[in-house]
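This is how it looks when you write it as structure tokens:
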């Protein structure tokens, strides 16, 4: 009896779980060792305490590009071009690096610029050319800069737009307070629900990225619904934690799709993009 035949014979006996245990243990050990290595490296090299930034794996980036292609109904080559555009924007990258290095909160921010799933936000804005974006949750303003960069590119092509950025923290958005990005950003400090209610023009693209509780996320989508323009797109940064946007899409007769990112060499399992359109 050769090794393969012996293994198959053992698999049919009560000894199978015991025989398989060393192999299962080795697989778990390899997985846990990588997580521990990535965690230790992050603790030593990173300053971030929340809202983590990282690169995507090559495969995850490929899947994100296809996600944008499907949602926006554009050729995959066009989606790839939009992603490459933001990643090669050296002016924006240099601005973020320099502003982070001199910011009052620099002790809690990494200088290396990593956009992760935000390149998907950029590509969606470039593909759909919204006149008015509303984002809730600004933090440092990294995502705001990404959205603003897409709007500035759109304006160069004859499709101007603005982003209304809502946050309850008066110190939020310091990355997006410099020109030319600030030229298309309206930063509003206050409660997001009240700020949404006060909007005075239709919303073409809405992004939830504030309080990630299920209840608050639902309140934001309910509040923005009557403010939406025809064919508006809804995005959530909370798709890996709740089903709020999917349920909202079903109630309002929209389609829904979710993408989950895979960070490269990072202990954090990643976030994602949920979209209803």
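Numbering (the working numbering), first residue to last: 26 to 302.
Note that CB positions come from ideal geometry on N, CA and C, so glycine has one too.
Based on DSSP bridge pairs, tell me the residues matched to residue i.
i: residue 190; result: 160 and 212
i: residue 297; result: 285
i: residue 231; result: 159 and 259
i: residue 81; result: 288
What residues in its chain sit with their C-beta under 6 Å from that of residue i, if we drop five residues either side in the sequence?
i: residue 243; result: 269
i: residue 154; result: 179 and 184
i: residue 231; result: 159, 249 and 259
i: residue 218; result: 244 and 248
i: residue 274; result: 281 and 301
i: residue 124; result: 200
Under the three-state reduction of DSSP, which class applies to residue i: helix, strand or coil?
i: residue 255; result: strand
i: residue 27; result: coil
i: residue 75; result: coil
i: residue 224; result: coil
i: residue 99; result: coil
i: residue 197; result: coil
i: residue 126; result: helix
i: residue 268; result: coil
i: residue 165; result: coil
i: residue 150; result: helix
i: residue 64; result: helix
i: residue 185; result: coil
i: residue 86; result: helix
Would you say residue i and residue j are within 8 Å of each other, going by their C-beta atoms?
i: residue 202; j: residue 157; result: no
i: residue 167; j: residue 121; result: yes
i: residue 68; j: residue 288; result: no
i: residue 132; j: residue 66; result: no
i: residue 308; j: residue 104; result: Residue coverage of the chain in this structure runs from 26 to 302, which leaves residue 308 outside it and unanswerable.
i: residue 207; j: residue 161; result: no
i: residue 87; j: residue 151; result: no
i: residue 286; j: residue 299; result: no
i: residue 114; j: residue 291; result: no
Looking only at its own chain, which residues have a Cβ that is under 7 Å from the Cβ of residue i, when we skip the five neighbours before and after it?
i: residue 165; result: 134, 199 and 200
i: residue 279; result: 301 and 302
i: residue 254; result: 227, 228 and 229
i: residue 220; result: 191 and 213
i: residue 101; result: 90, 91 and 94
Contact criterion: CB-CB distance below 8 Å. Does residue i meet it with respect to chain D?
i: residue 217; result: The chain inventory of the structure shown lacks chain D, comprising one protein chain alone.
Between residue i and residue j, which are expected to be in contact by the criterion C-beta below 8 Å, what is the C-beta distance as a whole number of angstroms?
i: residue 233; j: residue 246; result: 7 Å
i: residue 210; j: residue 173; result: 5 Å
i: residue 171; j: residue 136; result: With 8 Å as the limit, residue 171 and residue 136 do not qualify as a contact, their Cβ atoms being about 17 Å apart.
Return the chain-ordered list of same chain residues with a C-beta closer than 8 Å to the C-beta of residue i, the five sequence neighbours on each side being excluded.
i: residue 216; result: 193
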